[in-house]
Structure formats: structure tokens, C-alpha cells
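**Q** Per my numbering, residue 19 is the first one in the sequence shown, and the count goes up by one each step. Ideal placement from N, C-alpha and C gives every residue a C-beta, glycine not left out.
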Amino acid sequence: MTDYEAVFKAAIDELRDEGRYRLFAELERRVGSFPAARHHGHGSVNVAGDVRWCPGGGEAADITIWCSNDYLGMGQSSMVIDAMKKALDHCGAGAGGTRNISGTHVYHRMLEEELADLHGKEAALLFTSGYIANEATLSTLARKLPNCVVFSDALNHASMISGIRNSGAEKAIFRHNDVAHLDQLMARYPKERPKLVAFESVYSMDGDIAPIAEICDVADKHGAMTYLDEVHAVGMYGPRGGGVAERDGVMDRITVIEGTLGKAFGVMGGYIAASTDLVDVVRSFAPGFIFTTALPPTICAGGLTSIRHLKQSQVERDEQQARAAALKRMLREAGLPVMPSVSHIVPLLVGDPRLCKQATDLLIERHMIYVQPINYPTVPRGTERLRLTPSPLHSELQMARLVDALKDVWQRLDIQQAA
Ligand SMILES: *Cc1c(COP(=O)(O)O)cnc(C)c1O
Numbered sequence: 019m020t021d022y023e024a025v026f027k028a029a030i031d032e033l034r035d036e037g038r039y040r041l042f043a044e045l046e047r048r049v050g051s052f053p054a055a056r057h058h059g060h061g062s063v064n065v066a067g068d069v070r071w072c073p074g075g076g077e078a079a080d081i082t083i084w085c086s087n088d089y090l091g092m093g094q095s096s097m098v099i100d101a102m103k104k105a106l107d108h109c110g111a112g113a114g115g116t117r118n119i120s121g122t123h124v125y126h127r128m129l130e131e132e133l134a135d136l137h138g139k140e141a142a143l144l145f146t147s148g149y150i151a152n153e154a155t156l157s158t159l160a161r162k163l164p165n166c167v168v169f170s171d172a173l174n175h176a177s178m179i180s181g182i183r184n185s186g187a188e189k190a191i192f193r194h195n196d197v198a199h200l201d202q203l204m205a206r207y208p209k210e211r212p213k214l215v216a217f218e219s220v221y222s223m224d225g226d227i228a229p230i231a232e233i234c235d236v237a238d239k240h241g242a243m244t245y246l247d248e249v250h251a252v253g254m255y256g257p258r259g260g261g262v263a264e265r266d267g268v269m270d271r272i273t274v275i276e277g278t279l280g281k282a283f284g285v286m287g288g289y290i291a292a293s294t295d296l297v298d299v300v301r302s303f304a305p306g307f308i309f310t311t312a313l314p315p316t317i318c319a320g321g322l323t324s325i326r327h328l329k330q331s332q333v334e335r336d337e338q339q340a341r342a343a344a345l346k347r348m349l350r351e352a353g354l355p356v357m358p359s360v361s362h363i364v365p366l367l368v369g370d371p372r373l374c375k376q377a378t379d380l381l382i383e384r385h386m387i388y389v390q391p392i393n394y395p396t397v398p399r400g401t402e403r404l405r406l407t408p409s410p411l412h413s414e415l416q417m418a419r420l421v422d423a424l425k426d427v428w429q430r431l432d433i434q435q436a437a
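1. Using a 10 Å radius around the Cβ and a threshold of 16 neighbouring Cβ atoms, would you call residue 28 buried or exposed?
2. How many angstroms separate the CA atom of residue 164 from the CA atom of residue 212?
3. Of all the options 97, 175 and 425, which has the alpha carbon lying nearest to the alpha carbon of residue 151?
4. Which residues in the same chain have their Cβ closer than 8 Å to the Cβ of residue 304, if we skip the five residues on either side of it in sequence?
5. Residues near ligand 1, CB to any non-hydrogen atom under 6 Å, in chain order?
6. Buried or exposed: where does residue 347 fall if 16 or more other Cβ atoms within 10 Å of its Cβ makes it buried?
7. Hey, would you say residue 149 sits closer than 8 Å to residue 288, going by beta carbons?
8. In this structure, does DSSP put residue 443 in helix, strand or coil?
9. Does the segment 380-397 touch the segment 416-423, meaning 3 or more C-beta pairs lie closer than 8 Å?
10. My assumption, with CB atoms under 8 Å, is that residue 257 sits in contact with residue 334. Please give the rounded CB distance.
11. Is residue 360 helix, strand or coil by DSSP?
12. Ends of the alpha helix (DSSP H) at residue 149?
13. The beta strand (DSSP E) that contains residue 142, what's its start and end?
14. What did DSSP end up calling residue 25 once you bin it into helix, strand or coil?
15. For the candidate residues 393, 424, 412 and 356, whose alpha-carbon lies nearest to that of residue 86?
16. Using the three-state DSSP reduction, which class does residue 131 fall into: helix, strand or coil?
17. Which same chain residues end up closer than 8 Å to residue 322 when comparing Cβ atoms and leaving out the 5 residues on each side of it in sequence?
18. In the DSSP assignment, find the unbroken beta strand (DSSP E) run with residue 288 in it and report its ends.
19. Could you spell out where the beta strand (DSSP E) holding residue 170 opens and where it closes?
20. Going by CA-CA distance only, name the one from 317, 215, 224 and 46 that's closest to residue 242.
21. Going straight from the alpha carbon of residue 294 to that of residue 202, what length do you get?
22. Less than 8 Å separating the beta-carbons of residue 296 and residue 268?
23. With a threshold of 16 other CB atoms inside 10 Å of the CB of residue 362, please say whether the residue is buried or exposed.
24. Give me the Cα-Cα distance between residue 292 and residue 302, rounded to the nearest whole angstrom.
25. Taking residue 186 as the reference, give the member of 97, 166, 78 and 394 with the closest Cα.
26. Compute the beta-carbon to beta-carbon distance between residue 438 and residue 396, rounded to the nearest angstrom, for a pair I have assumed lies under 8 Å.
27. Answer yes if the segment 89-103 comes into contact with the segment 313-329, meaning at least three C-beta pairs across the two stretches below 8 Å, and no otherwise.
28. Count the other CB atoms, across all protein chains shown, that sit within 10 Å of the CB of residue 38; report buried if there are 16 or more and exposed otherwise.
29. For residue 429, does the count of other Cβ atoms within 10 angstroms reach 16, so buried, or fall short, so exposed?
30. Around the Cβ of residue 360, are there at least 16 other Cβ atoms within 10 angstroms (buried) or fewer (exposed)?
31. Shortest alpha-carbon distance to residue 78 belongs to which of 344, 111, 43 and 209?
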């Protein structure tokens, strides 16, 4: 007979042996103080054998968060919070079911209109997360297009890979951001065959940006549709926060733009923006949209407020870019191995999973700085890193403290200072 518990334990032991076991920090964010927060130690699960550090023998400590995807601090914005409170008092807590059962809330309609406008598309559709938006849309589109081939960037997010796989369609993987390779692969298929190119704008682990216009050129040449994940760009790029495609003036060349309300917009939920008919197909056929409870009015109201604000305010975007540029410069001057990045993401190479984990442990124990270690399979082995995300709310002083702390940790662990 199978010893089920032994199988599970062995799987976890293997992770631990490789230094890849995930411990979640228990953090208490408090309105008005971000990026400062309370840290209540690591791990809410019982992990025998793992050192669970808790400052002051179990007391919580004040720390600074340096790895949040609430990139612009909108999750703390009083405008967003007030809108959510109003929606809660006005409409109650939940959505009451799926859109099919409980109907489209007036907030769903307003938010979808706002999103369609943000991306210059006819229509938009909400999902409960960006992950579900990718999974549901890609699996449905590639299944509905007869004999479709999907061309997928090698570094695409897990949710896109899952959607493509679940469509059952043939898949070809092109080298990351390699337009010539994409062209080569597409040339192997007849022009009449339906094709879909799936890629991201900002790749959030390296901070590099796709050559969107060139990818569209190749897609046009071979008669392909384009699907762009702008999760790490919406709110942050383009004159209205429409993403890198807006910044580059190519939104109209993208068939489907996918985004999240959970990162720069500060709440949660995912969406696509595209033509009316395409959105109608996903609405009508995607199980990941149909068979799950819709976003509640509170979340929609928060997202709506955040999007409307960032459409007409450039301050947050400018400050975020200024902070990112300053931090990259400061790290370089300190001799720390900041990886090349053309976006707001600041990756710092460690190159070893154990050192990476030890570095983040030291950062919080000695310096009250919270950064999460990024290990395989999120990034390739040997490129383990810290991923820093400066926001408009990180001060000059906090940046200087971060750099000093990193210098100390690099010295203590004798991490190679390769640039
Ligand atoms: C985070 C992420 C998603 C998923 O978005 P959620 O709203 O967090 O589910 C999708 N694509 C990329 C590239 C992401 O990094």
C-alpha cells in the first residue's frame, strides 16, 4: 500500500535539500506607512527543523518592504480605500455568484468600459485574477481557432504556459524576445494556418521589455494574432498608464491586451481588452470566466478609482522611474551586481539558491529589510537573485539604508561582486 504521507514529505524534503523551500514572511501592512510594515516572523505552517526567526523573542518588528508588486503604492491610496468603503456600504460584501447567476454589477460594467478605453479597444472582460485571465483566454482562443499554432516566448509566465497547454493547440517556443527566431519558426507553417503570438511587455524577473512593434511586424507578415501580457506595465507606462504598447504607440496592433488590477492598480483581479466579438467568445466559452464567482463591488470600485487616477496623473509614474534609476546607480556605485534592466525592476544577482536565501535572512535579521529570494524555477538555476521594486513611497534615506545593508550582507556571505 502507498504511504501517502511519506510521498508528500519526500517532495518537501527534496525542496529543502536544494534550499528552495518556500517560507512566507508574515507581514502586517498598515495604511499610510508603506513601505514600512510589521514583521511577525516567517512561516505560518509548522516547519520542524527550520529556523523561524522572530525578533525580540516573538515580538513583531518594524521593517521596510523592498519587493512589493504594489508598485505605485495605490493599495494604500486614500482615494482607493474611500471608494472601496463606499462600495461596501452601498452594495455589501460579495458579488453573490457568477456573472451568469448574479448578473453583471453596475461596477463590472463601469470597470470594463474603463479598461476598454484605457487600451483603446472595443471591449474588456474581468476575471478574478491575471492568472485566470491568461489561462482562460489563451486556452479558449487557441481551442476555438481550428488547427491554431501558438508561438510562445520562452520566458512567458506560468499562467500563459498553462493556458496554451490546456488549449491542446500545437505550440512553438521562440527564444526570449528574439524576433528573428520567431520569424523563422512561423515561416515553417503555411500562411493560411491560424497563428497566435503570446508574449509579455515587461518581464518582471529581468526587467527587460519586448520589442513589441517588431513582434507585430513579424506577426503581420505571417498573418498571426497577437496576445500581450502587460501585467507588469499597466498603470506604470504610457501617458495614461495603458502599458508599454501605449508608450510605444502600438496598442492598435495588439489583438488582445491582458492586465491585472493586483499590481500597480493596488487591488486584485485580471482582465483582457480586445474586439467585441473576441471578448464575447471568451465570455461565452471560457470555463475560467463562466464558472466562478465574479469580483465583488468593493474590488471593482477600488480598481476603477485607481485606473481613473493613473489615467490623468503622471506623478506616480515619474517618481517610480526616478527612484528606480537612482537605486540602480547607487547599487552600481557600491559595486553590487545589479543586472541590466530597462524598467522599474531592479534585479541583483546572487547566483546560488542557498546564498540567496541566506542573504534575505540576514537582511531582515540584521537590517529590518524585507526582500524575497528569487530561486528556480521562477528563474534559471545559477541566476538566483534579489528583485527590488522601488516605489514612489520609498525615501532617499530608505534607499541609502538598503544599499548599506546589501553591502554588509554581501561582505558577510562573501558573495562575488561581479557586475
Ligand atoms: C503576476 C502575473 C500574472 C498574474 O496576475 P495576478 O493578477 O497576480 O493573478 C500574470 N502574468 C504575469 C507576467 C505576472 O507576473
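**A** Straight from the coordinates:
1. exposed
2. 7 Å
3. 175
4. 154, 155, 157 and 158
5. 147, 148, 149, 152, 175, 177, 218, 222, 247, 249, 250, 278, 280 and 288
6. exposed
7. yes
8. Examination of residue 443 is not possible in this model, given that the chain is present from 19 through 437 alone.
9. yes
10. With 8 Å as the limit, residue 257 and residue 334 do not qualify as a contact, their Cβ atoms being about 13 Å apart.
11. coil
12. 148-162
13. 141-145
14. helix
15. 412
16. helix
17. 101, 125, 128, 129 and 132
18. 288-292
19. 167-171
20. 215
21. 32 Å
22. no
23. buried
24. 15 Å
25. 166
26. Here the chain covers residues 19 to 437 and nothing more, so residue 438 does not appear.
27. yes
28. buried
29. exposed
30. exposed
31. 43
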